[in-house]
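Reading through the C-alpha cells given below for one structure.
Protein chains: 2
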Amino acid sequence: MTTDIPRVEPVVRAAPVGGAAPVAPPAPVATLEGVAALAGVSKSTASRVINGSPRVTEQAVMRVNAAIAQLHYVPNRAARNLARRRTQMIAMVIPERTAAFFADPYFAEVIQGAAMYASSTDYTLTLLIESEADAEKTHRFLQSGSVDGALLLSHHSSSATYLELSRSLPVVFGVRPIDDLEFEAHTVDVDNMEAAAIATRYLIDRGRTRIATITGPLGATAARDRLAGWRSTLEAAGLAGGSDAASAASPDLELVEEGDYTPASGAAAAERLLARGVPFDGLFVASAQMASGALSVLREHGLSVPDDVAVTTIDNNSFSTDTKPQLTTVDLHTSEKGAEMVKALLALIAGEAIERETWIPIELVERGSA
Amino acid sequence: MTTDIPRVEPVVRAAPVGGAAPVAPPAPVATLEGVAALAGVSKSTASRVINGSPRVTEQAVMRVNAAIAQLHYVPNRAARNLARRRTQMIAMVIPERTAAFFADPYFAEVIQGAAMYASSTDYTLTLLIESEADAEKTHRFLQSGSVDGALLLSHHSSSATYLELSRSLPVVFGVRPIDDLEFEAHTVDVDNMEAAAIATRYLIDRGRTRIATITGPLGATAARDRLAGWRSTLEAAGLAGGSDAASAASPDLELVEEGDYTPASGAAAAERLLARGVPFDGLFVASAQMASGALSVLREHGLSVPDDVAVTTIDNNSFSTDTKPQLTTVDLHTSEKGAEMVKALLALIAGEAIERETWIPIELVERGSA
DNA sequence: CTGAAAGCGCTTACAG
DNA sequence: CTGAAAGCGCTTACAG
Numbered sequence: 001m002t003t004d005i006p007r008v009e010p011v012v013r014a015a016p017v018g019g020a021a022p023v024a025p026p027a028p029v030a031t032l033e034g035v036a037a038l039a040g041v042s043k044s045t046a047s048r049v050i051n052g053s054p055r056v057t058e059q060a061v062m063r064v065n066a067a068i069a070q071l072h073y074v075p076n077r078a079a080r081n082l083a084r085r086r087t088q089m090i091a092m093v094i095p096e097r098t099a100a101f102f103a104d105p106y107f108a109e110v111i112q113g114a115a116m117y118a119s120s121t122d123y124t125l126t127l128l129i130e131s132e133a134d135a136e137k138t139h140r141f142l143q144s145g146s147v148d149g150a151l152l153l154s155h156h157s158s159s160a161t162y163l164e165l166s167r168s169l170p171v172v173f174g175v176r177p178i179d180d181l182e183f184e185a186h187t188v189d190v191d192n193m194e195a196a197a198i199a200t201r202y203l204i205d206r207g208r209t210r211i212a213t214i215t216g217p218l219g220a221t222a223a224r225d226r227l228a229g230w231r232s233t234l235e236a237a238g239l240a241g242g243s244d245a246a247s248a249a250s251p252d253l254e255l256v257e258e259g260d261y262t263p264a265s266g267a268a269a270a271e272r273l274l275a276r277g278v279p280f281d282g283l284f285v286a287s288a289q290m291a292s293g294a295l296s297v298l299r300e301h302g303l304s305v306p307d308d309v310a311v312t313t314i315d316n317n318s319f320s321t322d323t324k325p326q327l328t329t330v331d332l333h334t335s336e337k338g339a340e341m342v343k344a345l346l347a348l349i350a351g352e353a354i355e356r357e358t359w360i361p362i363e364l365v366e367r368g369s370a
Numbered sequence: 371m372t373t374d375i376p377r378v379e380p381v382v383r384a385a386p387v388g389g390a391a392p393v394a395p396p397a398p399v400a401t402l403e404g405v406a407a408l409a410g411v412s413k414s415t416a417s418r419v420i421n422g423s424p425r426v427t428e429q430a431v432m433r434v435n436a437a438i439a440q441l442h443y444v445p446n447r448a449a450r451n452l453a454r455r456r457t458q459m460i461a462m463v464i465p466e467r468t469a470a471f472f473a474d475p476y477f478a479e480v481i482q483g484a485a486m487y488a489s490s491t492d493y494t495l496t497l498l499i500e501s502e503a504d505a506e507k508t509h510r511f512l513q514s515g516s517v518d519g520a521l522l523l524s525h526h527s528s529s530a531t532y533l534e535l536s537r538s539l540p541v542v543f544g545v546r547p548i549d550d551l552e553f554e555a556h557t558v559d560v561d562n563m564e565a566a567a568i569a570t571r572y573l574i575d576r577g578r579t580r581i582a583t584i585t586g587p588l589g590a591t592a593a594r595d596r597l598a599g600w601r602s603t604l605e606a607a608g609l610a611g612g613s614d615a616a617s618a619a620s621p622d623l624e625l626v627e628e629g630d631y632t633p634a635s636g637a638a639a640a641e642r643l644l645a646r647g648v649p650f651d652g653l654f655v656a657s658a659q660m661a662s663g664a665l666s667v668l669r670e671h672g673l674s675v676p677d678d679v680a681v682t683t684i685d686n687n688s689f690s691t692d693t694k695p696q697l698t699t700v701d702l703h704t705s706e707k708g709a710e711m712v713k714a715l716l717a718l719i720a721g722e723a724i725e726r727e728t729w730i731p732i733e734l735v736e737r738g739s740a
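Chains as they are written, first to last, in our numbering: chain A, 1 to 370; chain B, 371 to 740.
Shown next, in the form of C-alpha cells:
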C-alpha cells in the first residue's frame with residue numbers, strides 16, 4: 001500500500017546565512033532584589049506590593065510597579081513555590097494514548113471547560129501526559145510538589161495507585177473508579193445510567209419495541225453504566241432483550257454489541273448487529289462518535305433513519321451534527337464538567353470541605369434521528 | 371431543538387456516610403535531610419547519590435537508596451529547580467480553542483510524538499493551554515522560569531510576541547511563522563508545498579486534467595503553502611486553473627474553495643465547488659478531515675470516487691481510512707514531527723548549536739480514492 | 001507601613 | 001569520597 005521510502009530521517013537544512021545558529025544569549029533576568037533597589041525599598045516591601053498586600057503605601061506601590069515594568073520583572077516561580085510551599089499549578093492527568101484520547105471530542109471538551117475555568121483563577125492548568133512506559137515518572141512528578149492538586153481522567157491505570165496518590169495530594173476524579181467501594185475519592189461526573197435511560201426511553205416513547213444498543217468498552221464503568229441504563233429501561237417497559245419476552249430469559253439474545261467509542265468501532269458493531277438477522281427498529285448508541293459510524297452502515301444496508309431504525313445517542317458534539325440526519329442525543333454538558341472538576345479541586349486545595357460527589361446535569365437534545 | 375431545561379447547575383449529593391468529607395491529612399513529607407539522617411550521611415552525599423554522581427562509595431549509595439525507599443522520598447521540585455536554576459520541564463503551548471484543536475487528529479499526533487520522545491528523556495512535557503482571554507498569563511508563566519523551553523504550535527498569536535519570548539527562552543516552532551522574514555526562529559516542519567505537489571501530481575499522473583482543490587484556512591502559512599503547491603504543479607503541467615488555459619489568466623476561475631480543516635467545512639466547500647457547475651475530475655483536499663466531508667457530498671451528488679472524481683489529500687489518520695473508498699494521501703509523519711520538536715528543543719536547552727530548520731520527510735500512501 | 005532576618009529544600013563549589 | 005557552608009530567589013512572621 002505504502003510507497004517504498006527507505007527510512008524516515010529528519011532532514012536538516014542549513015540556515016540561509018552563515019553557519020550554525022548562535023544560541024540565544026543567557027537572558028539577563030531581573031530579580032526581586034533588583035526591583036527593590038530600583039524602587040528604593042526593601043525586598044519585603046517589594047514582595048508585598050507584588051503580592052497585593054494592603055499594608056503598603058500607595059507611594060511604594062507606584063514605585064515598585066514602575067520598577068517592575070522597567071525591568072520586565074517576572075517572579076521566579078521555583079523560589080516562590082519553595083517559599084510558599086505551594087505551586088499555584090494544577091495538573092490534569094491524561095493517558096498517553098493521546099491519539100485516541102484527543103480524537104475523542106469528549107475529552108477535548110472536558111479539557112476546554114477546565115482550561116477556561118482555570119484561566120479565571122490564579123491557577124495554571126497543565127496537562128500531564130501519563131507515560132505508559134513509565135507511569136512511575138508521572139507519579140513522582142505528582143508527588144514532587146510540582147502541583148497543588150490533580151485532576152484525573154484516566155479510567156485505566158489502577159485506581160489503587162491513585163488512591164495512594166490522593167492521600168498526599170488533593171485529587172478529583174472525572175470518572176468513577178471501578179472499585180468504587182472503599183475508595184472515597186472526590187468525583188465530578190454525570191449519571192451515565194440516567195443518560196442511557198433517557199435516550200432509550202425516547203425510543204420507546206416513539207413506539208419502538210425492538211431496541212438494540214452499541215456499548216462503549218465495557219472495561220470502563222461509564223460504558224457499563226450506560227449499558228445498565230439501556231437494559232433497565234427496557235425491562236421496566238417490558239421490552240427486555242430488545243426483541244421479545246423469550247430473549248429476556250437468555251441474555252445472549254440481547255441485541256448488544258460492544259465498541260470502543262471510535263466511529264469505526266461503531267460501524268463494525270452495527271454490522272455485527274445487522275448480521276444477526278434479528279430485526280430491530282430502535283438503536284441506542286453509547287456515544288455520538290460510534291453513532292456516526294453506525295449510521296453509515298445502516299444507510300449502506302438500505303435502512304432509513306429514523307423510519308426503519310430510530311437512533312439515539314449520547315454526547316452533543318460535531319459527531320452528532322455532522323451526520324444526516326443529525327442525532328437525537330443526550331448532552332452531557334461536558335465542558336461544564338471540566339470546569340466543575342477544577343472548581344472542586346481548588347476548593348479541596350483551599351481546605352474547604354466539599355462533598356464527595358458532584359453530578360453534572362444532563363439534557364436531551366431532539367434532532368432528526370429519532 | 372433543545373428541550374427546555376432551566377439552568378445547568380451542578381448537583382451536589384451528600385456522601386453516603388457522615389457529613390462533609392474530611393480533607394486529607396497534611397501528608398508528612400520526607401526531606402533530603404531526613405534521608406541523610408536515616409542513611410547516616412551528610413545532605414551533600416545523599417544529594418550526590420540521588421543525582422547519580424560517581425563520587426560516592428557503593429556503601430553510601432546503598433544506604434541512601436534504602437533510606438529513600440523507606441521514606442518514600444521524592445525530591446522537592448521547587449527547591450531543586452531553584453538550586454539548579456532549571457526545571458527539567460518543557461511546555462507545549464496550545465491554543466485555547468481546544469475543542470477544535472484537539473478534534474484535529476493532526477495535533478493529537480504531534481502531541482503524542484512529543485510525549486513519547488519526552489518520556490524517554492528526563493524532561494517532563496507539559497501542555498500549556500494558552501488562554502485567549504489572558505494571553506499575558508501564559509506569557510508570564512513561560513517567562514517565570516517554570517519551564518526550560520517551549521514548543522509552539524499556535525499559528526495565530528502574534529509571532530512578534532513569541533519572537534520576544536524566544537529571546538529569553540529556548541523555543542521551537544512547529545509551524546512556520548507568517549512573517550518569516552526576519553524572524554530567526556527554530557522550526558521543525560514539513561514541506562507543505564511539496565506535500566500538495568505530490569498529491570496533485572498523483573492526480574495528474576492518473577490522467578486527471580481538471581483538478582480542483584479545497585484549502586485549509588488561508589490565514590495560516592501551511593494552508594497557503596499547500597494551495598501554492600497545488601497551483602504550481604498544475605501550472606507546470608499546463609493545467610493551471612483546474613480546467614483550461616483560459617482560466618489561467620483569471621484566477622477567479624480557479625476551482626478553489628476554502629475550508630477550516632473540519633469535515634463539515636470540507637463538505638461545505640465541496641458543495642460550493644459543485645455549485646459552480648464547472649466540471650472537474652480530480653480534487654486535492656488539503657486535509658483528510660475535510661476530504662472525508664467532501665467525499666460524502668460527492669457521493670450524495672451521485673459522483674463516484676475515483677471514477678468520476680479522483681481524490682487525494684494530506685494526513686494519514688483515521689479520517690483517511692474511515693472513508694469509502696479509503697483516501698490516497700500524503701503521510702506527514704506527524705508524530706515524528708512532535709518527537710523532533712522535543713529533540714531540537716532539548717538540544718537548544720543543552721546549548722548545542724542546531725540548525726534553524728528541520729524538515730520531516732513525507733510519504734505518499736496509495737489507497738482507493740485516486 | 002517597613003526592614004532585617006530566617007527559612008523554604010535542594011545543589012554544588014570548596015576544602016579536606 | 002565526604003561535609004560544612006553558601007546560595008538559588010522568594011515569602012513572611014517578627015520587631016519596630
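Think of the CB as a built atom: it goes at the ideal place given N, C-alpha and C, for glycine as much as any other residue.
Does Thr-427 (chain B) pass the burial test, meaning 16 or more other C-beta atoms within 10 Å, or should it be called exposed?
Looking at its Cβ environment, which holds fewer than 16 other Cβ atoms inside 10 Å, Thr-427 (chain B) is exposed.
Do you know offhand how far Ala-571 (chain B)'s Cα is from Thr-603 (chain B)'s?
It should be noted that the sequence gives Arg, not Ala, for residue 571 (chain B). Approximately 7 Å between the Cα atoms of the pair.
For Ala-618 (chain B) and Glu-624 (chain B), what's the separation of their Cα atoms in angstroms?
With a pLDDT of 47 at Ala-618 (chain B), under the threshold of 50, the predicted position of this residue should be treated as unreliable, though the coordinate-derived value follows. Using only the alpha carbons, I get a separation of about 7 Å.
Closer than 8 Å is the cut-off here; do at least three beta carbon pairs connect the segment 658-668 of chain B with the segment 688-701 of chain B?
At 8 Å Cβ cutoff, the stretches touch.
Lys-137 (chain A) CB to nearest chain B CB: under 8 Å?
At least one CB atom of chain B sits nearer than 8 Å to the CB of Lys-137 (chain A).
In its own chain, which residues sit with a C-beta less than 6 Å from the C-beta of Tyr-328 (chain A), not counting the 5 before and 5 after it?
It is worth fixing the name first, because residue 328 (chain A) is Thr in this sequence and not Tyr. So the qualifying residues of the chain are Thr-312, Glu-366, Arg-367, Ser-369, Ala-370.
Assigned secondary structure, Leu-327 (chain A) (DSSP; H/G/I helix, E/B strand, else coil)
Secondary structure at Leu-327 (chain A): coil, using DSSP grouped into helix, strand and coil.
Which whole runs of the beta strand (DSSP E) in the segment 216-304 of chain A are 3 residues long or more, in chain order?
Qualifying beta strand (DSSP E) stretches, in chain order: 256-258, 282-285.
Buried versus exposed, by CB contacts within 10 Å (16 or more), Met-341 (chain A)
Burial state of Met-341 (chain A) is buried, judged by a 10 Å Cβ sphere holding 16 or more other Cβ atoms.
Range of the contiguous beta strand (DSSP E) that encloses Val-542 (chain B)
Val-542 (chain B) -> beta strand (DSSP E) spans 541-543.
According to DSSP, what are the bridge partners of Glu-363 (chain A)?
DSSP, once it has assigned bridges, lists A:Asp-331 as partnering Glu-363 (chain A).
Name the two residues that bound the continuous beta strand (DSSP E) containing His-556 (chain B).
Segment 556-560, the beta strand (DSSP E) holding His-556 (chain B).
Using 8 Å as the Cβ pair cut-off and three pairs as the minimum, do the segment 573-584 of chain B and the segment 632-645 of chain B touch?
As far as the Cβ criterion goes, the segment 573-584 of chain B touches the segment 632-645 of chain B, which means the pair count is three or higher.
Tell me whether Ala-150 (chain A) is buried or exposed, calling it buried when 16 or more other Cβ atoms sit within 10 Å of its Cβ.
With 16 or more other Cβ atoms within 10 Å, it is buried.
Are the C-beta atoms of Asp-518 (chain B) and some chain A residue less than 8 Å apart?
So no, Asp-518 (chain B) is outside the interface.
State the DSSP-derived secondary structure class of Pro-465 (chain B), mapped to helix, strand or coil.
Collapsing the DSSP output to three states places Pro-465 (chain B) in a strand.
Find the residues of chain B that neighbour Arg-140 (chain A), judging by a C-beta separation of less than 7 Å, and give them in chain order.
Residues of chain B with a Cβ closer than 7 Å to the Cβ of Arg-140 (chain A) are, in chain order, Val-444.
Please state whether the Cβ-Cβ distance between Thr-334 (chain A) and Val-110 (chain A) is less than 8 Å.
A contact, by the Cβ cut-off of 8 Å.
Residues that Ala-473 (chain B) contacts on chain A, provided the C-beta gap is smaller than 7 Å
Below the 7 Å Cβ cutoff, chain A contributes Pro-105, Ala-108, Ser-318 as neighbours of Ala-473 (chain B), in chain order.
Any idea if Arg-646 (chain B) is buried or exposed, counting beta-carbon neighbours within 10 angstroms, 16 or more meaning buried?
Classification for Arg-646 (chain B): exposed.
Using a Cβ-Cβ cut-off of less than 9 Å, give me the residues of the segment 49-83 of chain A that come near chain B, in sequence order.
Those residues of the segment 49-83 of chain A placed with their C-beta closer than 9 Å to a C-beta in chain B are His-72, Val-74, Pro-75, Asn-76, Arg-77, Ala-78, Ala-79, Arg-80, Asn-81, Leu-82, Ala-83, ordered along the chain.
Whole angstroms are fine: how far does the CA of Leu-573 (chain B) sit from the CA of Val-667 (chain B)?
A straight line joining the alpha-carbon of Val-667 (chain B) with that of Leu-573 (chain B) spans about 20 Å.
Hey, how far is the Cα of Pro-731 (chain B) from the Cα of Arg-226 (chain A)?
If I take the Cα positions, the gap works out to 44 Å.
Within its chain, find whatever has a CB closer than 7 Å to the CB of Leu-716 (chain B); leave out the 5 residues flanking it on each side and keep chain order.
Result list for Leu-716 (chain B): Thr-491, Tyr-493, in chain order.
Check Glu-352 (chain A) in the structure and name its three-state DSSP category.
Coil, per DSSP.
Just the C-alpha distance for Ala-353 (chain A) and Glu-184 (chain A), rounded to the nearest angstrom, thanks.
Rounded to whole angstroms, the gap between the alpha carbons of Ala-353 (chain A) and Glu-184 (chain A) is 14 Å.
Between Ala-114 (chain A) and the rest of its own chain, which residues show a CB-CB distance below 7 Å, the 5 nearest in sequence each way excluded?
The answer, listed in chain order, is Met-92, Leu-125, Leu-151, Gly-338, Ala-339, Met-341, Val-342.
Residues in the same chain with beta-carbon distance under 7 Å from Gly-242 (chain A), minus the five sequence neighbours each way, listed in chain order, please.
Residue confidence for Gly-242 (chain A) is low, a pLDDT of 42 falling below 50, so the modelled location carries little weight; the figure read from the coordinates is stated next. Result list for Gly-242 (chain A): Arg-210, Ile-211, Ala-212, Leu-234, Glu-254, Leu-255, Phe-280, in chain order.
Using 8 Å as the threshold, is the C-beta distance between Ile-94 (chain A) and Glu-136 (chain A) below it?
If you check the CB distance, Ile-94 (chain A) and Glu-136 (chain A) do not come in under 8 Å.
Can you find the residues in the same chain that come closer than 8 Å, C-beta to C-beta, to Pro-325 (chain A), ignoring five residues on each side of it along the sequence?
These residues qualify, in order along the chain: Val-305, Pro-306, Arg-367, Gly-368, Ser-369.
To the nearest angstrom, how far is it from the Cα of Tyr-631 (chain B) to the Cα of Leu-588 (chain B)?
Rounded to the nearest whole angstrom, the C-alpha separation of Tyr-631 (chain B) and Leu-588 (chain B) is 11 Å.
First through last residue of the beta strand (DSSP E) which encompasses Thr-124 (chain A)
Thr-124 (chain A): member of the beta strand (DSSP E) spanning 124-130, first to last residue.
Write down the C-beta distance between Arg-63 (chain A) and Gly-40 (chain A) rounded to the nearest angstrom, noting that I regard them as a contact closer than 8 Å.
So it is a contact: roughly 6 Å between Cβ atoms.
Answer with yes or no whether the minimum CB distance from Ala-639 (chain B) to chain A is below 8 Å.
With 8 Å as the cut-off, Ala-639 (chain B) does not count as an interface residue toward chain A.
Identify whether Leu-805 (chain B) lies in helix, strand or coil by the three-state DSSP scheme.
Here chain B has residues from 371 to 740 only, and residue 805 (chain B) is not among them.
What does the alpha-carbon distance come out to for the pair Gly-174 (chain A) and Leu-332 (chain A)?
Those two C-alpha atoms are separated by around 13 Å.
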